[in-house]
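Asks: With the sequence shown counted from 1, adding 583 to any position gets you my numbering. Using N, Cα and C, we set each Cβ at its ideal position, and we do this for glycine too.
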Amino acid sequence: MTVDSFGAKGVLNVKGTDYEIFRLNAVEGAEKLPYSLKVLLENLLRTEDGANVTSKHIEALGSWDPSAQPDTEIQFTPGRVIMQDFTGVPCIVDLATMREAVADLGGDPSRVNPLAPAELVIDHSVQIDAFGSADAIERNMDIEYQRNGERYQFLRWGQTAFDDFKVVPPGMGIVHQVNIENLARVVMTREVDGTVRAYPDTCVGTDSHTTMENGIGVLGWGVGGIEAEAAMLGQPISMLIPRVVGFKLTGEIPSGATATDVVLTITEMLREHGVVGKFVEFYGEGVAAVPLANRATIGNMSPEFGSTAAIFPIDQVTLDYLALTGRSEEQIALIEAYTKEQGMWHDPEHEVAYSEYLELDLSTVVPSISGPKRPQDRIELTRSKEQFRDDLVNYVAEDKSVEADPDVVESFPASDAPSHDATDEQDPQDAPRESSANDLRERAEHRVEVSMEDGRSFELDHGAVSIASITSCTNTSNPSVMMAAAVLARNATEKGLKAKPWVKTSIAPGSRVVTEYYEKSGLLPALEELGFYIVGYGCTTCIGNSGPLEPEISQAVQDNDLAVTSVLSGNRNFEGRINPDVKMNYLASPPLVIAYALAGTMDFDFENEPLGQDSNGQDVFLKDIWPGPTEVQKIIDASIDTGMFDREYGTIFDGDERWQNLDTPTGDVFEWDPESTYVRKPPYFDGMTMETIPVEDIEGARVLLKLGDSVTTDHISPAGSFKSDTPAGKYLTEHGVQRKDFNSYGSRRGNHEVMIRGTFANIRIKNQLLDGVEGGFTRDFTQEGGPQAAVYDAAMNYQEAGVPLVVLGGKEYGSGSSRDWAAKGTSLLGVRAVIAQSYERIHRSNLIGMGVLPLQFPEGESADSLGLDGTETFSIEGVTALNDGQTPKTLKVTATKEDGSTVEFDAVLRIDTPGEADYYRNGGILQYVLRQIAK
């Protein structure tokens, strides 16, 4: 029941239809708020109940002080939830399990239903097994259904069993592109007590790139699957009123640069500025000149710069895009009337105060790539060859064929690549090191002859581009870069250029509309001539579903430890993510992906080296085939129309024959198949009672892993493939699954047995308890001398011995995807606390949601500075204060070394809101929600 202390409830008439709205001008100070905070203010007005949301919360937001540090907690209730299948399957598994658990606690299982509209887009499961041929897409989809039939049957059951839950079947597009092109409402309507209510569309998602919707003015961000489940069940999200960074855009993108280059520049700027936990909002006269597709590309990369959201306000550009993509006239009229009535329509003349300010003149943007392992490590294209050579020493120093200088190896530890900031000036003391690095680089050439079964033969070397993939919602939603790639392909084929024979080429569009406009423009044949055939509609390479390299190439890479590369138009390039054989990964615009396929190597200078020769024997350089922006725009204008969106999205939920022919279980409660290796009932609620069990201090804990900086959720819970000698591989083999049918960790997220065994199992993770060992290994101190063991095996031994576990981390612990299994797996391994230098927002929240304490080393301290090597035994005191409703700022940590000496410090407790404290006291967020429903 809404309280409405401010008398904000009113009526808005749009073309003869009345809508109930909550007027922002009822709250003093509302007109001065940034757009994003106005959306939050409306949310509080509409959900004020005198308990979770009070008049004091609303007043605090209305009188927001831009300069203040966040200290006021509010409860934000998202209007809807969006999921993809990797993270969505465990959500629906948990909801199905909750139905049983509610019944066990004496409640009504049918009450477990999404209370907010929830949509799931199956886009993460298609892998590029087939490529380079016209039938690649059909072959890949056939294999996708063979691999994932169990999961898809389960999701179809969920679509029938749960109210307000819809599934977009495979082959339709990528979740975030489908969201902005079709699912997003911008302004939502819902019938409440017989009245139609209008309010801003807000949407959280189980994928960190949910922020793509910020480009069309929809406030939302990525949350962990466990938070999303709570939101679906009507639980608000606890958050502090954030600082808002105003980002002013001026000027225009110069010819030669692309929207991708803009977003890589913004990513670098905002990472350097520091925006974790903040909103970024774009403003100023220049906003109107930013096309909607570019806004979406920028919003999409919000997780890469670390902000919670990166939003553009609503204006005529937004409305034009909504009209193009087939939204109804009534919907567009409502959006315009509502945002103007509420003071949410973008007015560059209206001055708004922000917490911090940044500015980018778009005319200064230059062609760029980023890599070889982080999105924020931008490299100007003119320096790409030089930077590749500098970085290569981190990937070949241990090559047995290279007589590495020990000092050089020490200077470039593999876990700490040098900065890629093109503006960095070299410290004079680095000069001798650079000289040694150059010597090593020259000696690291490693040419290998490869003979293919089909008669092709070629030489591979470090830096060879083994994968060139146009993929990911970041760029496939943007016609300017997608069409630029097609025009570049046409120009290249006209000059007689070809992709190198060792490059695995692919296009995976974010929606079927892309294929329509490629076909209408007549440019698809040119892409196909270079090997860029459409292989599927899904995330593919960007999520790690690049598929295997050709066997002979893979063998040559492994046998010779080659540091080969991938180039993709994606948003993530973390170590071990793209392909197990590929060490160095680079993000680039779609046209540059094609350019690198033509070059065939990262060791290439596009300014001074030709890509090949034309029929007259003349050298052809990249500048000779680079598309002009005017021509690209002309082709776009002639090739894209609203009818395409109407056709492709008119049957979005229907699916193809494969989907329609799936056998679908029925009933309110799912019948678990005890033989299933894809979908199993998880143990979260086993033995749960209605009353909470008091939390306890941690005693006698051992370190499971000691990790460095920038450990991502990919490191903690990889999504890609795994081998038969891993714990997960052994489990599946024991259950009769053949190696070829293992699929990926991501596709098996509905099976906790696989996912626990995959936790901390990334092939590139470096546990500092071991010297020079990569992968999911640790020391097992339940055994004499603490021998090396698989992380899972050691954790099970610790559990059997009753020994709790801790993880030690560095800066930015848990950055990357909003991967709930990174927290679930950590919890199920028996980890009670993580102690790190800093956290990314979503993972910290998810740890609490799974009953794991997130602790931070004191400011300026780290495990190394405190002399901790991971062999210590830990105790953590002060946890029990949470039982009394208190949330202490610090907890006392005592680490006892093997010789009996101790290290003591006060760790900062990163339970940031009272709501998070409630979740922790209940053993996790799902247990909290379950008790609320059962009551």
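Classify Ile1117 as helix, strand or coil using the three-state DSSP reduction.
Replies: Ile1117 falls in the strand class under three-state DSSP.
Asks: Find the nearest neighbour of His1318 within the set Ser1327, Tyr1261, Asp1297, judged by alpha-carbon distance.
Replies: Comparing Cα-Cα distances from His1318 to each of Ser1327, Tyr1261, Asp1297, the minimum goes to Tyr1261.
Asks: Relative to the C-alpha of Ser1094, which candidate in Trp1255, Trp928, Met1065, Phe1115 has its C-alpha closest?
Replies: Minimum Cα distance to Ser1094 is reached at Met1065.
Asks: In terms of residue numbering, what span does the beta strand (DSSP E) encompassing Glu1032 cover?
Replies: First-last of the beta strand (DSSP E) with Glu1032: 1031-1034.
Asks: On the DSSP letters alone, give me the boundaries of the beta strand (DSSP E) that Ser1149 sits inside.
Replies: Taken as a continuous stretch (DSSP letters only), the beta strand (DSSP E) holding Ser1149 covers 1148-1151.
Asks: Using a threshold of 8 Å, state whether the C-beta atoms of Glu1460 and Asp1280 are closer than that.
Replies: In this structure, Asp1280 lies closer than 8 Å to Glu1460 by Cβ.
Asks: For Arg1039, count the other beta carbons within 10 Å of its own beta carbon; 16 or more makes it buried, fewer makes it exposed. Which is it?
Replies: It is exposed - the Cβ of Arg1039 has fewer than 16 other Cβ atoms within 10 Å.
Asks: Using DSSP's beta-bridge definition, name the partner residues of Asn1429.
Replies: Answer is none; Asn1429 lacks a bridge partner.
Asks: Anyone know if the C-beta pair for Gly800 and Gly788 falls short of 8 Å?
Replies: Contact: no.
Asks: Specify the secondary structure class of Val1512 as computed by DSSP and reduced to three states.
Replies: Helix at Val1512.
Asks: What beta strand (DSSP E) runs, 3 residues minimum, are completely inside the segment 877-959?
Replies: Listed in chain order, the complete beta strand (DSSP E) runs (minimum 3 residues) inside the segment 877-959 are 892-894, 939-944, 951-953.
Asks: Any contact between the segment 738-756 and the segment 1111-1126? By contact I mean 3 or more CB pairs, one from each, below 8 Å.
Replies: Segments in contact, yes.
Asks: Which residue comes first and which comes last in the beta strand (DSSP E) that contains Gly786?
Replies: Here the sequence assigns Cys to residue 786, which means Gly is not the residue at that position. Unbroken beta strand (DSSP E) run through Cys786: 786-788.
Asks: Give every residue of the same chain whose Cβ lies closer than 6 Å to the Cβ of Glu603, excluding the five residues on either side of it in the sequence, and list them in chain order.
Replies: Excluding residues within five positions, the ones whose Cβ falls inside 6 Å are Thr778, Arg780.
Asks: Taking the CB atoms as reference points, tell me whether Asp1164 and Leu1132 lie closer together than 8 Å.
Replies: The answer is yes: Cβ separation under 8 Å.
Asks: Determine the direct distance from the alpha carbon of Pro1266 to that of Tyr1381, and round the result to whole angstroms.
Replies: Spanning the two alpha carbons is a distance of roughly 19 Å.
Asks: Go ahead and label Val1294 buried or exposed: buried means 16 or more other beta carbons lie within 10 angstroms of its beta carbon, across all protein chains shown.
Replies: Buried, since its Cβ has 16 or more Cβ neighbours within 10 Å.
Asks: Return yes when the Cβ of Ile1219 is within less than 8 Å of the Cβ of Pro1092, no when it is not.
Replies: Not a contact, by the Cβ cut-off of 8 Å.
Asks: Using the beta-carbon count (16 or more within 10 Å), is Gln729 buried or exposed?
Replies: Per the 10 Å Cβ criterion, exposed.
Asks: Compute every distance between the C-beta of Gln658 and the non-hydrogen atoms of the ligand COA, then say whether any falls below 7 Å.
Replies: The model depicted lacks the ligand COA and carries no ligand whatsoever.
Asks: Check whether the Cβ atoms of Gly909 and Phe1228 lie closer than 8 Å to each other.
Replies: Closer than 8 Å, so yes.
Asks: Which of the three DSSP states is assigned to Glu963 in this structure?
Replies: The answer is strand: DSSP assigns Glu963 an E or B state.
Asks: Using DSSP's beta-bridge definition, name the partner residues of Ala1047.
Replies: Paired residue(s): Thr1184.
Asks: Where Ala916 and Lys621 are concerned, what is the direct C-alpha to C-alpha distance, given to the nearest angstrom?
Replies: One C-alpha to the other measures close to 20 Å.
Asks: Mind the definition here: the segment 810-824 touches the segment 651-666 only if three or more C-beta pairs lie below 8 Å; say whether that holds.
Replies: Result yes; three or more Cβ-Cβ pairs closer than 8 Å.
Asks: On the DSSP bridge list, what partners appear for Val1491?
Replies: Val1491 pairs with Gln1439, Thr1473.
Asks: On the DSSP letters alone, give me the boundaries of the alpha helix (DSSP H) that Pro673 sits inside.
Replies: Start and end: 668-687.
Asks: Would you kindly work out how many angstroms separate the C-alpha atoms of Gly1363 and Ala1419, rounded to a whole number?
Replies: In the sequence as displayed, the identity of residue 1363 is Asp instead of Gly. Each residue's Cα considered, the two are about 21 Å apart.
Asks: Under the rule that 16 or more other beta-carbon atoms within 10 Å means buried, what is Lys1206, buried or exposed?
Replies: Answer is exposed; the Cβ neighbour count stays below 16.
Asks: Between the C-alpha atoms of Gly590 and Asn608, what's the straight-line distance to the nearest angstrom?
Replies: Taking the straight line joining both Cα atoms gives about 10 Å.
Asks: Taking only runs of the alpha helix (DSSP H) that begin and end inside the segment 1353-1428, which ones reach a length of at least 4 residues, in chain order?
Replies: Complete alpha helix (DSSP H) runs here, min 4: 1374-1383, 1403-1411.
Asks: Please list, in chain order, all residues of the same chain as Val1150 whose beta carbon is under 6 Å from its beta carbon, the five residues on each side excluded.
Replies: Val1048, Ala1051, Tyr1169, Ala1171, Val1176, Tyr1179, listed in sequence order.
Asks: Among Thr1454, Pro1301, Gly1385, whose alpha-carbon lies nearest the alpha-carbon of Pro1370?
Replies: Measuring from the Cα of Pro1370, the nearest candidate turns out to be Thr1454.
Asks: Take the Cβ of Asn1199 as the centre, count every other Cβ of all protein chains shown within 10 Å, and call the residue buried at 16 or more, exposed below.
Replies: When all chains shown are included, Asn1199 counts as exposed.
Asks: Which residue or residues does DSSP assign as beta-bridge partners of Gly658?
Replies: Looking at the sequence shown, residue 658 is not Gly but Gln. According to DSSP, which records beta bridges pairwise, Gln658 is partnered with Ser821.
Asks: Restricting to runs no shorter than 4 residues, where is the alpha helix (DSSP H) found entirely within the segment 805-868?
Replies: You should have 808-815, 842-856.
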